[in-house]
Amino acid sequence: FIAELDGTRAGCALMWTLEDYFSQQWHAHLSVIAVSKAAEGQGVGRALMAHAERWARARGHDSITLSVFEGNERARALYERAGYVTEMRRMIKR
């Protein structure tokens, strides 16, 4: 999905339908969400999130998953305001 402000691209979101490995339940997954620097703070992220939820509901999904980097506090705050909660934490060792 592409978000525009005054005819200029302001952000995007990429959605998938995935099957949970453990439960075998199908769900929507928000793979990518990005907002241009110029559009930050103008509600583009919220609008993309709302569109993603409508897209998921229209396909009969009862849940949406997404991944976010631990240090991305701005994105985490957006997701939490939208009602998302942490279900799993991915860990890495280099």
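First residue of the sequence shown: 1, per this note's numbering; consecutive thereafter. All C-beta atoms, glycine included, are put in the ideal place defined by N, C-alpha and C. In this text the structure is predicted, and so the values were computed from the model without any measurement.
Asked	Found
Element boundaries [alpha helix (DSSP H), containing R57]	44 to 58
Buried versus exposed call for L180 [16 or more other C-beta atoms within 10 Å across all chains shown]	Residue 180 lies beyond the residue range present for the chain, which begins at 1 and ends at 94; the question has no answer from this structure.
Under 8 Å between C-beta atoms of G45 and L78	yes
Supposed contact pair A10 and S36 - C-beta distance, whole angstroms, cut 8 Å	5 Å
Span of the beta strand (DSSP E), counted from its first residue to its last, around E4	2 to 5
Rounded C-alpha distance that separates I64 from A3	20 Å
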